[in-house]
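Numbering (the numbering used here), first residue to last: 97 to 513.
A virtual CB, placed ideally from N, CA and C, is assigned to each residue, including glycine.
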Ligand SMILES: *Cc1c(COP(=O)(O)O)cnc(C)c1O
């Protein structure tokens with residue numbers, strides 16, 4: 097049977113303590129032992145079914161972790177309190193003083209800032225290169241390299257990395273290949289393509305309700321165990337633990353992820369096709385003209401589309417700001433960072449989520465000030481939405497026409513001032 101991440105989650109059976117159809121929430125920080133010697137054993141090694149302390153492991157977090165491991169087709173997984181916690185714990189676990197990381201230059205601004213400003217304080221150096229050019233990646237590898245790091249579809253430029261090629265390179269040099277798959281859950285399965293560790297910010301599509309910040313690390317049993325080792329594990333010792341109530345609520349949202357991805361993708365393709373047919377400068381990996389289209393087509397799981405993210409280039413920062421404000425006033429969505437919500441969300445990455453990257457580097461990678469990153473929502477009538485969007489864009493393009501705008505709602509007003 098063909099690999100299907102959604103069906104793998106569907107096939108899991110979890111019951112609550114009294115036969116409930118949802119697993120019970122383990123609302124405890126600590127756990128009792130009948131025998132003192134057993135406690136000693138759990139401190140030394142992981143014992144199946146035994147829990148010690150909820151920073152180490154919690155049964156509810158285990159359920160969510162297992163479901164995400166099923167989705168990514170890895171042996172194991174561990175959930176964390178944020179996507180950044182998942183990224184930083186993984187990179188610190190895999191490298192120590194004197195080691196080097198080769199990272200994609202187009203990555204989430206927080207990850208970039210960590211590698212640039214914090215990792216060097218631990219003696220870890222990073223080379224930033226263009227991961228769509230495999231020769232550049234290979235050239236940056238030295239005898240000190242331990243990790244190759246990239247995003248499957250990059251934030252915010254939507255470049256698509258040929259994960260299979262990078263995985264081959266990584267294996268040839270005996271490195272660990274870590275992939276942030278936040279933009280393409282269900283659509284891409286990096287572990288199937290050779291990645292060693294797959295990370296998500298659950299905050300985005302996977303949870304999908306913009307009500308929490310969370311993350312996950314998916315990998316081998318050995319690697320996930322190493323993270324919760326009581327003397328050397330970054331999860332155990334840095335302590336970015338998820339609360340069990342939150343794990344239970346994310347698990348419930350996870351069960352509709354595949355349906356949401358299909359709708360996000362369907363709507364985003366519709367918007368991208370319509371805007372580009374009107375001659376506007378849009379980038380969406382589902383458009384045959386997009387740079388990463390053929391690579392993504394080759395690597396993706398069928399049936400989930402090309403994702404919910406697209407870029408609209410308005411040319412200048414002021415025009416980008418103006419179109420976002422108009423789109424919010426027209427109730428197309430919200431001027432907000434983040435992604436994967438039922439409402440469309442938009443922000444200008446150059447001056448927000450990627451502002452950690454210095455101006456000259458942003459310019460050299462094509463991350464210009466006029467870009468608007470749009471996370472397309474779950475709209476039931478996307479045709480109407482896109483017409484409203486076109487009106488907003490035209491008002492910015494042709495500012496001489498006096499625009500007739502609807503009165504901003506109270507909430508929009510509050511957001512704008
Ligand atoms: C948001 C995001 C992160 C950070 O995740 P948090 O949950 O906000 O800590 C990391 N990588 C990507 C690609 C993201 O979009």
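At least one heavy atom of ligand 1 is found less than 7 Å from the C-beta of residue 311.
Between residue 390 and residue 261, the alpha-carbon positions lie close to 14 Å from each other.
Boundaries for residue 272: no alpha helix (DSSP H) harbours it, while the beta strand (DSSP E) harbouring it runs 272-276, taken from the DSSP string. In this model, residue 376 and residue 154 are separated by some 50 Å (Cα to Cα).
Annotation for residue 241: the continuous beta strand (DSSP E) segment containing it runs 241-247.
Between residue 287 and the set 230, 401, 226, 397, the nearest pair of CA atoms involves 397. Exclusion of residue 385 from the 7 Å shell around ligand 1 follows from its C-beta lying no nearer than that to any non-hydrogen atom of the ligand.
Around the CB of residue 459, fewer than 16 other CB atoms lie within 10 Å, so the residue is classed as exposed. Going by DSSP, residue 469 is part of the beta strand (DSSP E) stretching over 467-471.
Beyond the five residues adjoining it in sequence on each side, residue 243 comes within less than 7 Å, by CB distance, of 187, 190, 191, 197, 271, 272, 274 in the same chain, given in chain order. Within 10 angstroms of the beta-carbon of residue 168 lie 16 or more other beta-carbons, which makes it buried. Residue pairing by DSSP places residue 221 opposite 196 in a beta bridge. For residue 430, the enclosing beta strand (DSSP E) starts and ends at 429-431. For residue 146, no alpha helix (DSSP H) segment is defined, and its DSSP state is neither H nor E.
One alpha carbon belongs to residue 356, the other to residue 474, and they sit about 7 Å apart. Rounded to whole angstroms, the gap between the alpha carbons of residue 410 and residue 386 is 17 Å.
At a cut-off of 7 Å, the beta-carbon of residue 297 counts as near ligand 1: some heavy atom of the ligand is closer than that.
Contact check for residue 125 against residue 149 passes: the beta carbons are separated by less than 8 Å. Taken through DSSP and simplified to helix, strand or coil, residue 227 comes out as coil.
The beta carbon of residue 170 is closer than 6 Å to those of 287, 314, 315 in its chain, skipping five residues each way along the sequence. Not one heavy atom of ligand 1 falls within 7 Å of the beta-carbon of residue 331.
Remark: the C-beta of residue 423 is outside contact range of ligand 1, defined as less than 7 Å to any heavy atom.
In the displayed model, residue 358 falls within a helix according to three-state DSSP. For residue 296, the uninterrupted beta strand (DSSP E) run begins and ends at 293-297, by DSSP.
In this structure, DSSP gives residue 174 an extended state, which the three-state scheme calls strand. With a threshold of 16 other beta carbon atoms within 10 Å, residue 352 falls short and is exposed.
In the three-state DSSP reduction, residue 402 falls in the coil class, being neither helix nor strand. Across the set 489, 482, 428, the C-alpha of 489 shows the shortest separation from the C-alpha of residue 412. At a cut-off of 3 residues, the continuous stretches assigned as beta strand (DSSP E) that sit fully inside the stretch 443-493 are 467-471. The shortest C-alpha to C-alpha distance from residue 402 to any of 225, 203, 494, 280 is the one to 280. The Cβ neighbour count for residue 465, taken over all protein chains shown within 10 Å, is at least 16; the residue is labelled buried.
Residue pairing by DSSP places residue 407 opposite 379, 469 in a beta bridge. Ranked by Cα distance from residue 463, the first of 156, 255, 437 is 255. By the Cβ test, the stretch 222-242 is not in contact with the stretch 360-379, since fewer than three Cβ pairs between them sit closer than 8 Å. Here DSSP, grouped into helix, strand and coil, assigns residue 441 to strand. Separation of residue 297 and residue 303 (C-alpha to C-alpha, rounded to the nearest whole angstrom) is 9 Å.
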